[in-house]
Every structure is written in C-alpha cells, then in structure tokens.
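Below: the structure, in structure tokens.
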Amino acid sequence: MNEYRVALRNVGKIDPASIDDYIRAGGYKALEKARSMDQEAIISEIERSGRLRGRGGAGFSTGFKWRGAYNAPGDYKYIICNADEGEPGTYKDRIILEHDPHTLLEGMLICAYAVGAQEAIIYCRAEYPEVIRLLKHSIAAAEENGLTGTVKMSVHSGAGAYVCGEETALLNSLEGKRGEPRLKPPYPTIAGYRGKPTVVNNVETFSAVSSIIEKGAQWYSSLGSPKYTGTKIFTLSGDVENPTYVEVPSVVTLRQLIFQFGGGIKGGKKLKAVQIGGNSGVFLTEDQLDTPMDFESVSELGAALGSGSLMVLSEDRSMLDVVIANLEFSLEESCGKCVPCREGTMRLSKILKRIAAGEGRKKDLNTLQELGNHMKLAAFCPLGQSAAVPVLSALEKFPKDFPIQEV
Amino acid sequence: MKSYREIAENGKENGSSLLDIFHDIQDHYGYLPEDSITEIAHVLDMTPAEVYEAATFYSYLSLEPVGRHIIRVCHSAPCHIAGMDTVLAKLEELLGIRMGETTPDKRFTLQYTGCVGQCSAAPVITIDRTVYQVLHPDQLINILDQYE
C-alpha cells in the first residue's frame, strides 16, 4: 500500500503562510473552474464522487448536505467549517490547517458558490491558537487576491469544549450560547446558524473538494473502496513504533496502518487491541487486523471509523486502566444537558474505579452493561450515546481485565 | 488598558462572536471579571444571565483570577497511557498546588484540558501558547524555570 495524498497534497511542499506558494502549486484553479460551472453541476460532481462522505466522523454524504442547503428556501445561507478537532488520538485537521490553510479556504469557497451562501465561517478550537492566526492571515490574503468574491469569510474561536465538535452544539457556540447540542430535525441545512440554511463540514472533507472539482468525480471514486470512496487520513497514537499520520485510499487494512506505516508495536511486543475512532471507540483485536478501513467494513465489525484515529495498545496494557481514562474524559466533557450522559458517565466512572481498587462485585459488571446500554438508547447526542462503548467493548473482549470479588 | 466596553464594542464592530470577545477580555485582564459580563451584555443587547451562562460553560474561560501562566494538562487516553499521571504528580509537587489551583505567587494555574491534538508525541502539556511534547517528569523543572 502506498500513501496517496489528496487533502494533504501540499503538506511540507509549500509555505503555509504564502498564498503565492499555494497558487504556484495549482491552487485556486478549481475555484475558478467551479465558478464557470452551474451550481447544480458542482453539487452533482460532489455526489458522483462516490458520494464523498464526511470525514469528521459521522460519514454523512457531503453532496446530500450541499443539495439540502442549495434547495432550502432562504435569502441568506452559511457555510461552516468544523475545525473543532477534539477527538482524542486525532490530529489530522491540525496537520492540514498548519500546513495548507488555503486548501480548506478553496474548498469552502467552492461550497459557498455551489449552495449560494453569502458567508463562510471557520469555527476553530482554542487549543490551536497558532492555527487561528494563520487562518486569519490566509483569509486576508485570499481577500487581497480577489478570491473570496462576494463571500464574507471569518474565523471564530472555540473555548475548550469537546462537545462543540457536534455540529449543532458548534452552531450554538458560534451564536454565543452554551455549546449544548440541539434537537434534530430541523437539520442545519434547513435551519442552522442563526436559523438560516447552513452546511457544516469537517476540515478534511472541505480539503478534498478542490481536487475533486479539478480532477473530476470519476478520478476520486476510482480511489478507495466503492462504498467509501477516496482517501482517508489516519492518525496513530499509543504503543506503536512510529506514531504518525498517513493519508491512504480507504481500502487500506488495519494491519497495513499499524505494521507498515506505524512500524509495528513498540518494543517488539504483541498487539492487545486498537481503539478506533477516538475516545468512545470500540477495541479491535488481532483477528480483525485484515479489515479494510472504510466506513462500511468497520461498521460491520460493530465499530465506527469515526475520525480515523487509532490508539494502539500493547499486550501489557490493562483495559480497565484504559477505559477509566476514556470515561474520565467523557465525564469531564459531558455538557450536562441530558441526564443519561451527565449521570451515566459519572456512575460508570465510579464503578470502574471501584473495580480498579479491588472492591468490584459481580453485580458491578451487570450494572456497567445495563447502564451502558441505557446510555446508548437514551442519551441526547453522540457523546452520551457512545460514552459507554469502550467499556462494553472491553468487557466483552477482555473480561479478565475486570477483576471482581466472588461474592 | 482598554475598558471592557471598548473591547466589547470593538468585537461587535468586527463581527466577533461572544467567545471571541471573552478571549479578548481574557487576553487583557487574564480572566472575565464580573463587571465585564454586564458590560458585554449591555453592548451585545443580551441579558447578563445569558452572557454568564455561556461564560461558565467553557473550560478556557475563567470567572476567577488566574495565574500569569496557565499550564494545561491533557486529559485524554493517549496521554494517560503515555504516563501523564507521573507528569501531573511531578507538576503538583513542584508547584505545591493541586489540579485546578493557582500558586500563591500567582505565577501558575494548573488546569486540565481536552485533547490538544498532539497525540503522536504524548504525553503533552501546554503552557500558555507553547506545547511541550513527549514529556518526562524530569524535564519539568527546567521548563517551569522559563516562566516568570
């Protein structure tokens, strides 16, 4: 398997602060081409690109969102880039933003033209202050070069809240409210930012757009798996020799990612598990290493590809210790809006810590399962719905890591 | 020093979000003083309660005075398994404070943060805008010395 860079094509090759460098590398040609096309033709191209699916984690069809906002009645529409990358183990958007901000801006401007939006906004997390500076500088450069046209572009900062990666929580945050998720429907394409039709896409998704417009849907859909076409960026962390990022066609296997690109398990140890998709991910094991890392194949394992993060765990790790860390994070980041998440993460965490202290009882294991399943069903947003997933996954695959007193 | 009202009015003129204005106030004053909440509310035509409830939601915003430098300790699993516990224990020992507290000389405040997106180089802490990667507890004393 060879690396194949689409979103990352300019990384390390151009000066990120220089719009001239980006233009010399062929930048903003796709925008020019797009603006000579019919709006619907652009949306069709994105749809035909094998239904470019969102790279933020949910895998929703990008063309469907664009069409929804395009068709939505309204005289004022927004394009929003979700640059609130907060998923533990994930740093793909940071790499794009730090090395090639104009790729994102170009993708957003194409989208703004296609759906007829007047404003394009980037919501960037406060944890990336230098990225916010670079984006402001890059927007000013794009304006000076007459590339933004009639579209008003801006960057706004988050303030440290993981839940704002959820698109409706992000919209609330941008509106100056608490970053709590909204009830859907209405979906943002109908009533999003300030109640107007809004497209919200992830950094990696927007960063694939200019290449698709330039080279065509057919080229993009020839890459990767038929159901999840194109390339995906994966980020490795944990017990791997070379914890790196890599963009590859989505037919790549988990084994290739860990052993070919990651150089194998640190210190020549054996693999115990890989947590896929972030803090609320399932643990995959040795027997699942040959799974292609496209959205569908991973879903068939009962897991979620999510953001493409892979936290590798070697044989000497305690899964109890790992899931306590997962739950501590979810507990801290739960927004408190709904009871199943707010109380559930706290209870799960307490029970897990009790087991770790050697005071676990048999009924604790049942409670973990019961509570975890309730949270899946009853929590308001994906944070709470998935918070118990790692606990349930570890209980199923590594029951010995949860020692209890036989009472 | 710019007044709260000036900062809020500038922000409103430049199309800043409420969070952007909070950051501007914090850049000037270190935290969000109570009077700044009412001033922002006045300028943005919001109620003080609306501004206050937003301000209390976000971990990067503080309604209490903080130290001159904020040390943020990553609270996510990749940093945990890379040994963050020993890094945090050493930080608490060197600073003589616990997580969430500020040193008596107002030099440092110690806080948790969500993932800072540097997971290839865990464990990671940040001090103000600077990221420190692949930290070993023994490095901390020299790092802290760089801050007045």
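So the protein lines, in turn, are chains H and P. Numbering of the first sequence is given in our numbering, commencing with residue 1 and proceeding in unit increments. Numbering of the second sequence is given in our numbering, commencing with residue 1001 and proceeding in unit increments. All C-beta atoms, glycine included, are put in the ideal place defined by N, C-alpha and C.
Looking at the C-beta of residue i, does it have a partner C-beta in chain P at a distance below 8 Å?
| i | result |
| --- | --- |
| His156(H) | yes |
| Met409(H) | Because chain H spans 1 through 407 in this model, residue 409(H) falls outside it and cannot be assessed. |
| Ser237(H) | yes |
| Arg177(H) | First, the amino acid is wrong: residue 177(H) is Lys here, not Arg. It does; some Cβ of chain P falls within 8 Å. |
| Gly216(H) | no |
| Ala325(H) | yes |
| Ala357(H) | no |
| Pro101(H) | no |
| Val11(H) | no |
| Asn279(H) | yes |
| Arg94(H) | yes |
| Tyr78(H) | no |
| Phe329(H) | yes |
| Gly372(H) | no |
| Gly274(H) | The displayed chain sequence assigns Val, not Gly, to residue 274(H). Cβ-Cβ to chain P under 8 Å: no for Val274(H). |
| Tyr162(H) | yes |
| Glu296(H) | no |
| Val389(H) | no |
| Glu144(H) | no |
What's the gap between the Cα of residue i and the Cα of residue j?
| i | j | result |
| --- | --- | --- |
| Leu368(H) | Ala388(H) | 8 Å |
| Leu392(H) | Val298(H) | 17 Å |
| Gly1001(P) | Ile1007(P) | One point to set straight first is that residue 1001(P) is Met, not Gly, in the sequence displayed. Cα-Cα distance, rounded: 10 Å. |
| Gly176(H) | Gln1026(P) | 16 Å |
| Arg125(H) | Ala69(H) | 25 Å |
| Ile1125(P) | Gln1133(P) | 7 Å |
| Pro292(H) | Leu1094(P) | 47 Å |
| Leu1140(P) | Arg35(H) | 53 Å |
| Glu1064(P) | Pro1104(P) | 14 Å |
| Leu3(H) | Leu134(H) | Checking the sequence, you will find Glu at residue 3(H) rather than Leu. Straight-line Cα distance between these residues: approximately 27 Å. |
| Gly360(H) | Lys350(H) | 11 Å |
| Gln385(H) | Thr235(H) | 24 Å |
| Glu32(H) | Pro340(H) | 49 Å |
| Ile122(H) | Ile324(H) | 33 Å |
| Ala394(H) | Leu352(H) | 12 Å |
| Ala357(H) | Leu331(H) | 19 Å |
| Val1131(P) | Met37(H) | 44 Å |
| Glu214(H) | Thr244(H) | 29 Å |
| Gln405(H) | Ser318(H) | 18 Å |
| Asp401(H) | Glu286(H) | 17 Å |
| Asp1085(P) | Gly1030(P) | 28 Å |
| Ser207(H) | Val199(H) | 15 Å |
| Phe1108(P) | Arg1129(P) | 14 Å |
| Ala1122(P) | Ile1097(P) | 23 Å |
| Gln260(H) | Val252(H) | 11 Å |
| Trp219(H) | Glu47(H) | 13 Å |
| Gln39(H) | Glu127(H) | 36 Å |
| Leu348(H) | Gly1011(P) | 42 Å |
| Cys1119(P) | Asp93(H) | 13 Å |
| His137(H) | Ala161(H) | 25 Å |
| Val115(H) | Asn201(H) | 13 Å |
Could you check how far apart the C-beta atoms of residue i and residue j are, in whole angstroms? I think they sit under 8 Å.
| i | j | result |
| --- | --- | --- |
| Pro181(H) | Glu166(H) | 5 Å |
| Ser1076(P) | Gly1114(P) | 7 Å |
| Val163(H) | Gly179(H) | 6 Å |
Taking 8 Å as the threshold (C-beta atoms), are residue j and residue i in contact?
| i | j | result |
| --- | --- | --- |
| Cys1112(P) | Val1066(P) | Per the sequence presented here, residue 1112(P) reads as Tyr, with Cys not at that position. Result no, Cβ atoms of Tyr1112(P) and Val1066(P) do not sit closer than 8 Å. |
| Ser334(H) | Ile212(H) | no |
| Ala303(H) | Ile276(H) | yes |
| Ser210(H) | Ala17(H) | no |
| Ile96(H) | Thr103(H) | yes |
| Val274(H) | Leu327(H) | no |
| Ile1037(P) | Ile1021(P) | no |
| Tyr193(H) | Leu223(H) | no |
| Ala306(H) | Gly86(H) | Per the sequence presented here, residue 306(H) reads as Gly, with Ala not at that position. Not a contact, by the Cβ cut-off of 8 Å. |
Would you please verify whether the beta carbon of residue i is less than 8 Å from any beta carbon of chain H?
| i | result |
| --- | --- |
| Gly1011(P) | no |
| Ile1081(P) | yes |
| His1023(P) | yes |
| His1136(P) | no |
| Leu1019(P) | yes |
| Ser1076(P) | yes |
| Gly1015(P) | yes |
| Gly1114(P) | yes |
Are there any heavy atoms of the ligand ADP lying less than 7 Å away from the beta-carbon of residue i, as far as the coordinates show?
| i | result |
| --- | --- |
| Ser1076(P) | This structure lacks the ligand ADP, and indeed carries no ligand of any kind. |
Taking only beta carbons into account, state which residues of the region 1038-1061 of chain P come closer than 7 Å to chain H, listed in chain order.
Glu1053, Ala1054, Phe1057, Tyr1058, Ser1059, Tyr1060, Leu1061
What residues from the region 123-134 of chain H come within 9 Å of chain P, judged by C-beta to C-beta, listed N to C?
Tyr123, Arg125, Ala126, Glu127, Tyr128, Pro129, Glu130
So if I threshold CB-CB distances at 8 Å, which residues from the region 1087-1111 of chain P count as touching chain H?
none
Short of 7 Å Cβ to Cβ, which residues in the region 1116-1147 of chain P face chain H?
Val1116, Gly1117, Gln1118, Cys1119, Ser1120, Ala1122, Arg1129
Where the region 170-198 of chain H meets chain P: residues whose CB sits under 7 Å from a CB there:
Ser173, Leu174, Gly176, Lys177, Arg178, Gly179
Any residues in the region 62-92 of chain H with a beta carbon nearer than 8 Å to a beta carbon of chain P? Which ones, in chain order?
Glu85, Gly86, Glu87, Pro88, Gly89, Thr90, Tyr91
Determine which residues of the region 228-255 of chain H have a Cβ less than 8 Å from any Cβ of chain P, and write them out in chain order.
Thr235, Leu236, Ser237, Gly238, Asp239, Pro243, Thr244, Tyr245
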